[in-house]
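So this is what it looks like as structure tokens:
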């Protein structure tokens, strides 16, 4: 457990009863991970050199249209799991491992 | 990372591109965590003595009816996050920390 990262989100799930507010914040984060296309996009971005991938290289591997991929990337970015940098009609996406570490800490026993 | 537990579910999200099948299994697990009421129920069960709570003691803290609580407990049980033991009209729920450890391992970098 790393309290420095947990403080930015929520206390560990198993430590004490969660408040309504913390539970809502945390549920929104897990919702971003609760979709197979988003999980595959996240793993593709993480596996790319420097954890950064152009959205143009993500459509074929997941077999989805540009607009669908764009929507899912926005959900991941809103949840703080990736950052996006506009690049003409595409975006460069970079994984945010610290955000995954926060969620991992929440699941710590 | 603990390969012994990861093997029962999915490879780490950040290690390589996830397969469609693994992504679907994993998304279903995160979906169980993607609801504030379920997260609060899970934290209440974990915080109870021996990580076991009667469903009769969960309705008031989350402010939901017996049928709503029962539905959410079934979702948690289906995802392997708790076990349920019938006790007349109630159920005794026990946290499964190993399942949370599996999800934690998936989020490991």
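Chains as they are written, first to last, in this note's numbering: chain A, 5 to 113; chain B, 5 to 113. For each residue, glycine too, the CB sits at the ideal point set by N, CA and C.
Just to check my reading of the structure: residue 30/A and residue 110/A have Cβ atoms closer than 8 Å, yes? What is that Cβ distance to the nearest angstrom? 6 Å
Hey, could you find the ends of the alpha helix (DSSP H) residue 91/A is sitting in? Taken as a continuous stretch (DSSP letters only), residue 91/A belongs to no alpha helix (DSSP H), being part of the beta strand (DSSP E) at 86-91.
Comparing alpha-carbon positions, which option in 27/A, 45/A, 35/A and 15/A lies nearest residue 65/A? 45/A
Neighbour flag for residue 37/A against chain B, beta carbons, 8 Å: yes
DSSP state of residue 8/A mapped onto helix, strand, coil: Legend: pLDDT at residue 8/A = 40, less than 50; position of this residue unreliable, value from coordinates given subsequently. Three-state result, residue 8/A: helix.
Same chain, Cβ closer than 8 Å to residue 86/B, neighbours up to 5 away in sequence not counted: 46, 49, 77, 80, 97, 98, 99 and 100
Cβ pair residue 51/B, residue 20/A closer than 8 Å: yes
Kindly say whether residue 46/B, judged by its beta-carbon, lies nearer than 8 Å to any beta-carbon of chain A. yes
Is it true that the CB of residue 27/A sits closer than 8 Å to the CB of residue 83/A? no
Pull up the distance between the alpha-carbon of residue 17/B and that of residue 108/B, whole angstroms please. 10 Å
Using 10 angstroms around the beta-carbon of residue 40/B, count the other beta-carbons present and answer buried if the total reaches 16, otherwise exposed. buried
Quick check on the burial criterion: 16 or more other C-beta atoms within 10 angstroms. Buried or exposed for residue 42/B? buried
Three-state class that DSSP yields for residue 14/B in the structure shown: coil
By Cβ distance, which residues of its chain are closer than 8 Å to residue 74/A, with the 5 residues on each side in sequence left out? 59 and 95
Please state the DSSP three-state secondary structure of residue 113/B. coil
In whole angstroms, what separates the C-alpha of residue 71/A from that of residue 54/A? 25 Å
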